[in-house]
Structures are given as C-alpha cells and as structure tokens.
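Numbering (full-length UniProt numbering), first residue to last: 1 to 134. Ideal Cβ placement from N, Cα and C applies to all residues, glycine included.
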C-alpha cells in the first residue's frame with residue numbers, strides 16, 4: 001500500500017456545506033416536530049413536571065445555602081482552626097451571600113408565586129398601579 005506524503009485532504013467545500021445544511025435541517029425538523037406536539041397537546045403537563053421540579057429547585061437552593069454558610073462562613077465567624085480567613089471576612093461573606101440569596105428567593109417567588117403564597121400579595125402590591133379601575 002502506498003502512503004500519501006502530505007497532510008490529509010479536506011473534503012470538497014460543496015460536501016462540507018451539504019453536511020452543515022443537513023445538520024441544521026435535522027435540528028430545525030426536530031424543533032418543528034416539538035412545536036407541533038406542543039400545539040397539539042390537549043392535556044396539561046404531568047403533575048410531576050409541573051410541581052415536583054419546583055420542590056427540587058427549592059431543595060437545591062436550600063442545600064447550597066446550608067453548605068456555603070455551614071462549611072465556609074461559620075468556621076470563619078467561630079474562628080475555628082483551618083478557616084480560610086478571620087471573623088471579619090466570614091461576616092462579610094455571610095452578609096453578601098444573604099443579600100444575594102434573598103434576592104434569588106425573591107425572584108423565584110415572583111416567577112412562581114403559588115409556591116410561596118397563593119395568591120401572592122407581592123404580585124398584587126407590585127401590579128397595583130396597573131390594575132386600578134378607572
């Protein structure tokens with residue numbers, strides 16, 4: 001068998017374009033089929049999809065807060081050996097985290113008001129000027 005002495009040759013440009021076009025066509029066809037299934041759906045999505053994922057998300061957010069506060073911030077505040085920094089740094093990290101965490105919880109409550117309160121007084125309070133009757 002004879003070996004070629006140069007670098008491997010690229011396929012002709014026309015076949016590369018055809019491959020890319022086929023790939024884009026497959027993606028577009030799949031998206032079109034998914035949209036069609038969504039439009040034809042007469043029943044709501046299953047309960048597990050609608051409700052369980054909210055609980056899973058809240059569980060992940062709670063566990064992440066627990067791990068960060070308990071494993072990172074509190075050893076610094078309690079001045080334990082092996083803590084990465086001093087008490088001031090631990091308090092600062094804890095305050096910044098709590099502000100950001102409450103901001104995230106607020107945003108989640110606004111997106112999913114039925115998770116926290118039903119009906120949400122926060123939504124009514126925020127939308128109040130826009131819902132006044134003349």
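Rounded straight-line distance, which links the Cα of residue j to that of residue i
i, j, result
"residue 111", "residue 40", "26 Å"
"residue 104", "residue 49", "22 Å"
"residue 82", "residue 42", "58 Å"
"residue 66", "residue 47", "28 Å"
"residue 60", "residue 92", "23 Å"
"residue 53", "residue 86", "38 Å"
"residue 51", "residue 88", "41 Å"
"residue 75", "residue 68", "11 Å"
"residue 31", "residue 44", "20 Å"
"residue 98", "residue 70", "13 Å"
Within 8 Å, strictly: CB atoms of residue i and residue j
i, j, result
"residue 73", "residue 84", "no"
Residue nearest to residue i in terms of C-alpha spacing, selected from the options
i, options, result
"residue 95", "107, 77, 108 and 45", "77"
"residue 101", "79, 63, 27 and 36", "63"
"residue 108", "58, 97, 80 and 38", "58"
Which of helix, strand or coil DSSP assigns to residue i
i, result
"residue 44", "coil"
"residue 84", "coil"
"residue 78", "coil"
"residue 38", "helix"
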